[in-house]
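Trainee: Note that the sequence shown covers residues 215 to 437 in the UniProt record's numbering. We put the beta carbon where it would ideally sit given N, CA and C, even for glycine.
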Amino acid sequence: SRPKPLAGKTIVMTSGPTHEPIDPVRYIANRSSGKQGHAIAAALARLGATVHLVSGPVTIADPEGVSVTHVESARDMRDAVERLLPADAAVMVAAVADWRTANEAGEKIKKQPGAAAPALQMVENPDILAGVGHSKQRPRLVVGFAAETQDLLANARKKLDKKGADWIVANDVSHTTGVMGGDRNAVRIVTRSGVEEWPDMSKEEVAERLAARIAAALQTIEV
Ligand code: C5P
Numbered sequence: 215s216r217p218k219p220l221a222g223k224t225i226v227m228t229s230g231p232t233h234e235p236i237d238p239v240r241y242i243a244n245r246s247s248g249k250q251g252h253a254i255a256a257a258l259a260r261l262g263a264t265v266h267l268v269s270g271p272v273t274i275a276d277p278e279g280v281s282v283t284h285v286e287s288a289r290d291m292r293d294a295v296e297r298l299l300p301a302d303a304a305v306m307v308a309a310v311a312d313w314r315t316a317n318e319a320g321e322k323i324k325k326q327p328g329a330a331a332p333a334l335q336m337v338e339n340p341d342i343l344a345g346v347g348h349s350k351q352r353p354r355l356v357v358g359f360a361a362e363t364q365d366l367l368a369n370a371r372k373k374l375d376k377k378g379a380d381w382i383v384a385n386d387v388s389h390t391t392g393v394m395g396g397d398r399n400a401v402r403i404v405t406r407s408g409v410e411e412w413p414d415m416s417k418e419e420v421a422e423r424l425a426a427r428i429a430a431a432l433q434t435i436e437v
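1. Distance check for Pro327 and Ala319, CA to CA, integer angstroms please.
2. I need the straight-line Cα distance from Ala311 to Glu234, nearest angstrom please.
3. Is it buried or exposed for His252, if we count other Cβ within 10 angstroms and need 16 for buried?
4. Which two residues bound the contiguous alpha helix (DSSP H) that contains Ile375?
5. In the DSSP assignment, the beta strand (DSSP E) including Glu296 goes from what residue to what residue?
6. What does DSSP give as the partner residues of Val346 in its beta bridges?
7. How close, in whole Å, do the beta carbons of Asp302 and Arg354 come, if the pair is a contact with beta carbons under 8 Å?
8. Classify residue 209 as helix, strand or coil using the three-state DSSP reduction.
9. Compute the Euclidean distance between the alpha carbons of Ala255 and Thr232, then round it to the nearest angstrom.
10. Hey, is Pro235's beta-carbon within less than 8 Å of any beta-carbon in chain B?
11. Can you determine whether any heavy atom of the ligand C5P sits closer than 7 Å to the C-beta of Lys372, and answer yes or no?
12. State the start and end residues of the unbroken alpha helix (DSSP H) segment that holds Gly260.
13. Helix, strand or coil, according to DSSP, for Val420 in the structure here?
Following this line, the structure appears as structure tokens:
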């Protein structure tokens, strides 16, 4: 059998999109499939970690060997993550909605003859990664993702401090890259000591390599 360098380690993860309710039948969502996050969860579990994954609504199966909590909104995701701390590492991959509707309607919003279209008012959602990165129960290793369509590296570097993360895995999600929803990914690992550029590979391969890098980091005294 394979070596288990993460045996005895607990890792909290998020993956997938969030759904922000407008009324009982409508919501705001994004194009995240959960493929990358779920692949990372499975890869960490294969290395022996106890993985607690908080997943937004996705159509893919729960990753093998992982305990999964299913949530819909960003606030539910935040609450679930907080309940799962402390942990040795946190890997936050979810595409959390930045905003939610200010007032969720209790009943389906009806079309009224001659009335104007409803205006959606939005408020900011909690930043789950920043909450973990600045928490009193901060895991030793905190990894975030940065999906950008422009200024990838500059934005990723800013996120290290803003979110209290050790690494930001930056990927270009411009429509032409096909990353969002697709099977391949080209990432850069941004840390305080520099940037590692990984070639284009499958999301499975990104997951394997990232899990190995996490295992190596958790085996050192300092990360
Ligand atoms: O700021 P931005 O959304 O680009 O940051 C992306 C990173 O922050 C990802 O790791 C994502 O999972 C996390 N995030 C979060 N909660 C939010 C927004 C982003 O955990 N509300």
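Mentor: Reading off the structure:
1. 19 Å
2. 7 Å
3. buried
4. Reading off the sequence shown, one finds Asp at residue 375, where the question assumed Ile. 366-376 is the extent of the alpha helix (DSSP H) around Asp375.
5. Glu296 -> not in any beta strand (DSSP E); alpha helix (DSSP H) instead, spanning 288-298.
6. DSSP lists no partner for Val346.
7. 6 Å
8. The structure shown does not extend to residue 209, since the chain is modelled only from 215 through 437, so no value can be given for it.
9. 18 Å
10. Reference to chain B is not applicable here, since this structure consists of a single protein chain.
11. no
12. Sequence check: residue 260 is Arg here, not Gly. Taken as a continuous stretch (DSSP letters only), the alpha helix (DSSP H) holding Arg260 covers 249-260.
13. helix
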